[in-house]
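Have a look at the structure below before the remarks.
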Amino acid sequence: GVFDPATLAVSTVDIFWGVYKYEGGVLLPSGMVVFVPYYADKVGVFDASTDTFRTVDISATESANHKYSGGVLLPNGNVLFVPLHSHKVGLFDPETDAFTAVDISAFISHLDKYRGGVLAPSGKVVFVPFKANNIGVFDPATNVFSVVDISATISHYAKYVGGVLLPSGKIAFAPNSAVQVGLFDPANNTFSLVGAPISREGGYTYYGGVLMPSGKVVFVPMHADDVGLFDPGSAEPAYTVSGGVP
146 GVFDPATLAV
156 STVDIFWGVY
166 KYEGGVLLPS
176 GMVVFVPYYA
186 DKVGVFDAST
196 DTFRTVDISA
206 TESANHKYSG
216 GVLLPNGNVL
226 FVPLHSHKVG
236 LFDPETDAFT
246 AVDISAFISH
256 LDKYRGGVLA
266 PSGKVVFVPF
276 KANNIGVFDP
286 ATNVFSVVDI
296 SATISHYAKY
306 VGGVLLPSGK
316 IAFAPNSAVQ
326 VGLFDPANNT
336 FSLVGAPISR
346 EGGYTYYGGV
356 LMPSGKVVFV
366 PMHADDVGLF
376 DPGSAEPAYT
386 VSGGVP
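All the letters of the sequence shown, read from the start, carry residue numbers 146 to 391 under my numbering.
The following block contains the structure:
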């Protein structure tokens, strides 16, 4: 679907048949958008200037279902795919259509690892823990992967989905079934829980977040009946909810 905010018009561009194709998209400097493969065995590339769509087959390298969840544009122009069920970090070069993968199974081998990634000021990419009991850290300059164990602080099922880089350089994780916002400092690899506990029966509260010009973070409601607002600038990090969602 293509939405024009100037006219509020919505249009569609036909692609291939299938379900659960992609999970996330990354805008390139060229104006094209790379779609992150979820069930699809091919990377999607959409040219918004011509409304054309093409694919790049990656099945020879990665063919698992639930492959990746979210993508990150790297400083070198490549796109990183965050592993969910895949045991490999995906790297896609939109200039050459080359796809490579970096095996991380020596560090983490279970499913539902991470949902979402954030480019840290250092150039490393932070993977947001979903069912993983660690935060993943990938250095695209060296293709080295490491983890930061957080099991002593939180071991909740389906913890977070999506993260937001704050002006401070810290990263806020959007609570999915976790009951507090996660705050990670990539400068010293420290993790903490902040804000008032969220009481939400059944969990799956929010799904990603967006940094506002004010410095606050808006959390996107999944099962929640409200929009989450996180203020990382207050002396005591504040978590509030605002507005009803029908």
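All C-beta atoms in this analysis are idealised placements derived from N, C-alpha and C, irrespective of residue type, glycine included.
It should be emphasised that the depicted structure is a prediction, and the values quoted were computed from it without experimental measurement.
Comparing alpha-carbon positions, the option among Lys269, Val339, Gly354, Asp330 lying closest to Ala286 turns out to be Lys269. About 6 Å separates the CB atoms of Pro239 and Val179; that is less than 8 Å, so the two are in contact. With contact defined as three or more Cβ pairs closer than 8 Å, the stretch 314-333 and the stretch 248-257 are not in contact. Every unbroken stretch of the beta strand (DSSP E) spanning 3 or more residues and falling wholly within the stretch 294-340 is given here in chain order: 305-310, 316-320, 326-330, 335-339. In this structure, Leu356 lies away from Phe283, with their beta-carbon atoms at least 8 Å apart. Its Cα nearest to that of Pro342, the residue Ala323 stands out among Gly281, Ser194, Tyr352, Ala323. For Tyr167, the uninterrupted beta strand (DSSP E) run begins and ends at 167-172, by DSSP.
Taking Val171 as the centre and dropping the five residues before and after it, the same chain places the C-beta of Val179, Gly216, Leu218, Val224 closer than 6 Å to its C-beta, in chain order. By the 16-neighbour rule on beta-carbons within 10 angstroms, Asn221 is exposed. The residues Asp186, Lys187, in chain order, have a CB closer than 7 Å to that of Asp202 in the same chain once the five nearest residues on each side in sequence are set aside.
Annotated as proximal: Val155 and Gly146, with beta-carbon spacing under 8 Å.
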